[in-house]
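Residue numbering for the sequence shown follows the UniProt record's numbering, beginning at 1 and increasing consecutively.
Positions of the beta carbon are idealized from the N, C-alpha and C atoms, including for glycine.
Because the structure is a prediction, the values reported are computed rather than measured.
Here the structure comes first, spelled out in structure tokens, and everything after it is commentary.
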Amino acid sequence: MSHFSYRNGVLHAEQVSLDALARQYGSPLYVYSKAALVENFSAYADACRKAGRDSEGALICYSVKSNSNLAVLNLLGQQGSGFDIVSGGELLRVIAAGGDPRKVIFSGVGKGRDEMKLALQHDILCFNVESIPELHRLNEVAGEAGKRARISLRVNPNVDAKTHPYISTGLKENKFGVAYEDALDCYRTAASLPNIEVVGIDCHIGSQLLDDAPLLEALDKVIELIDQLAAENIHVHHLDIGGGIGITYDDEKPVAIGDYLARLFARVDAWRKEKYAGAAIKVMFEPGRSIVGNAGVLVTEVQYLKHSEAKNFAVVDAAMNDLMRPAMYQAWHGVQTVRQEQNGAQVYDVVGPVCESGDWLARERELAIQPGDLLALTSAGAYGMTMASNYNTRGRAAEVLVDGERAHLIRKRENPADLFALESIVS
Ligand SMILES: *Cc1c(COP(=O)(O)O)cnc(C)c1O
Numbered sequence: 001m002s003h004f005s006y007r008n009g010v011l012h013a014e015q016v017s018l019d020a021l022a023r024q025y026g027s028p029l030y031v032y033s034k035a036a037l038v039e040n041f042s043a044y045a046d047a048c049r050k051a052g053r054d055s056e057g058a059l060i061c062y063s064v065k066s067n068s069n070l071a072v073l074n075l076l077g078q079q080g081s082g083f084d085i086v087s088g089g090e091l092l093r094v095i096a097a098g099g100d101p102r103k104v105i106f107s108g109v110g111k112g113r114d115e116m117k118l119a120l121q122h123d124i125l126c127f128n129v130e131s132i133p134e135l136h137r138l139n140e141v142a143g144e145a146g147k148r149a150r151i152s153l154r155v156n157p158n159v160d161a162k163t164h165p166y167i168s169t170g171l172k173e174n175k176f177g178v179a180y181e182d183a184l185d186c187y188r189t190a191a192s193l194p195n196i197e198v199v200g201i202d203c204h205i206g207s208q209l210l211d212d213a214p215l216l217e218a219l220d221k222v223i224e225l226i227d228q229l230a231a232e233n234i235h236v237h238h239l240d241i242g243g244g245i246g247i248t249y250d251d252e253k254p255v256a257i258g259d260y261l262a263r264l265f266a267r268v269d270a271w272r273k274e275k276y277a278g279a280a281i282k283v284m285f286e287p288g289r290s291i292v293g294n295a296g297v298l299v300t301e302v303q304y305l306k307h308s309e310a311k312n313f314a315v316v317d318a319a320m321n322d323l324m325r326p327a328m329y330q331a332w333h334g335v336q337t338v339r340q341e342q343n344g345a346q347v348y349d350v351v352g353p354v355c356e357s358g359d360w361l362a363r364e365r366e367l368a369i370q371p372g373d374l375l376a377l378t379s380a381g382a383y384g385m386t387m388a389s390n391y392n393t394r395g396r397a398a399e400v401l402v403d404g405e406r407a408h409l410i411r412k413r414e415n416p417a418d419l420f421a422l423e424s425i426v427s
């Protein structure tokens, strides 16, 4: 997290101290670094350029669900990003952020009719269809709207992503995509439907992958399928390999984006040369975590220190409703004191005020802290704020985007009145 570092003993986001930000905007507070976001996106964009691919040859569709703040979407859109959405709400976000709907792909196993209609009205690039019934529904909705829906099928290449079972999506027993063995049949059906236009193929095998071997294995299976389709005169114009590249939370060593993409493009190019006289195919990616994960931290203030016989607890003002990943996946986030070099470290569990034993943010961390001190939970940019809830009638945290020495409030803190504004008493 190179854009978050200590300066004069205080943790900064770029050139702004987290201490000053917490004083100005309160706590808990999500803080993102613009430079980190741009740098992480550029790792993908540069690798595409290096492989000789312009915007027709490759498209990076940022996974909106990982961090969907309008300012983040706007910034990535300006960098040329497309967007991978999983709901109609996310499409409206992309549009509100100035993103281009014609660079939007729509994933997800449960697309509703209204969501399909909305996406067709905005002429999105492609629906990533995940089942036969979805295909039929989309055909119907497109017919009613007088449109043809561009689709790819999300195939399940049945490779083991070797990641946490909750974030692995490419295995047989998974709810996502169509089974590899059924894919040909599904494509035949798709090709026969009047309001469907087959344009691509996609997969997404899991998340927080440190090694690109499973992704390249999935690529090989996708390539095999494209050849089988071509033999039946069903031609796809793009292949979408999904997202999933991991980040360093603790001491993980994820593959460098540039190396992964170089290997992937080399395989694709060799295959096109061998089988299609070098005719190009557009390659798409759906990265989320690897773009925003390490571009954000969650700042929280220590409220109380509780010492029991078995454990020391640091009760902080952030909780599982702000950062769900530890409670949900036993995920590990780094904990740094905003003020460096303090004495008297003890081992603490960092816990929140929510009334659940599962409400912990970090376990067994050596920290030198006093009530009132600020902590930063690191690598919190992805699946942090987007998974936040109002459990315990807690307003969601504010979000700030730092750009050099300037800080921009990009989402106000929710106040309690916001939380019950849509409710009414039965009289
Ligand atoms: C969540 C998701 C992604 C993004 O995954 P990361 O691990 O954050 O890169 C991409 N594609 C689909 C279909 C997803 O559901």
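Residue burial classification, Tyr304 (beta-carbon count within 10 angstroms, cutoff 16): So Tyr304 counts as exposed.
contact_flag[the stretch 21-31, the stretch 407-414] where n(CB pairs < 8 Å) is 3 or more: With the cut-off at 8 Å, the stretch 21-31 and the stretch 407-414 touch.
Ile281 versus Gly82 - alpha carbon distance: Our two residues, Ile281 and Gly82, have alpha carbons roughly 17 Å apart in a direct line.
Check whether Tyr249 and His333 have beta carbons under 8 Å apart: The answer is yes: Cβ separation under 8 Å.
Backbone CA spacing between Arg272 and Met284 [nearest angstrom]: In this structure, the CA atom of Arg272 is about 16 Å from the CA atom of Met284.
Residues of its chain near Leu225, where Cβ-Cβ distance is below 6 Å and the 5 sequence neighbours each way are ignored: Closer than 6 Å at the Cβ level, and outside the excluded window around Leu225, lie Ala183.
Closest residue to Gln78 among Gly99, Leu91, Ile85 (Cα-Cα distance): Selected option, being the one with the closest Cα: Gly99.
Environment of Gln340 [buried if 16+ CB atoms lie within 10 Å]: With fewer than 16 Cβ atoms within 10 Å of its Cβ, Gln340 is classed as exposed.
Ligand 1 heavy atom lying under 7 Å from the CB of Gln208: Yes, ligand 1 has a heavy atom inside 7 Å of this Cβ.
Close-in-space but distant-in-sequence residues of the same chain around Gly200 (CB under 7 Å, 5 per side omitted): Apart from the 5 residues on each side of it in sequence, Gly200 sits with its Cβ closer than 7 Å to the Cβ of Cys126, Ser152, Val236, His237, His238, Leu239, Asp240 in its chain, given in chain order.
Buried or exposed by the 16-neighbour rule on C-beta atoms within 10 Å, applied to Cys61: Counting every other CB atom within 10 Å of its CB across the protein chains shown gives Cys61 a total of 16 or more, marking it as buried.
Leu59 and Gly88 closer than 8 Å at C-beta: No, the pair does not count as a contact, with Cβ atoms beyond the cut-off.
Cα-Cα separation, Ala161 to Ile425: In this model, Ala161 and Ile425 are separated by some 49 Å (Cα to Cα).
The stretch 381-396 touching the stretch 347-361, judged by at least three CB pairs closer than 8 Å: As far as the Cβ criterion goes, the stretch 381-396 touches the stretch 347-361, which means the pair count is three or higher.
Per-residue burial, Ala388 [other beta carbons within 10 Å of its own, 16 or more giving buried]: Buried is the call here.
Extent of the continuous beta strand (DSSP E) to which Lys306 belongs: Taken as a continuous stretch (DSSP letters only), the beta strand (DSSP E) holding Lys306 covers 296-307.
Status (buried if at least 16 other CB within 10 Å, exposed otherwise) for Gly108: Taking a 10 Å sphere around the C-beta of Gly108, we find 16 or more other C-beta atoms and assign the residue as buried.
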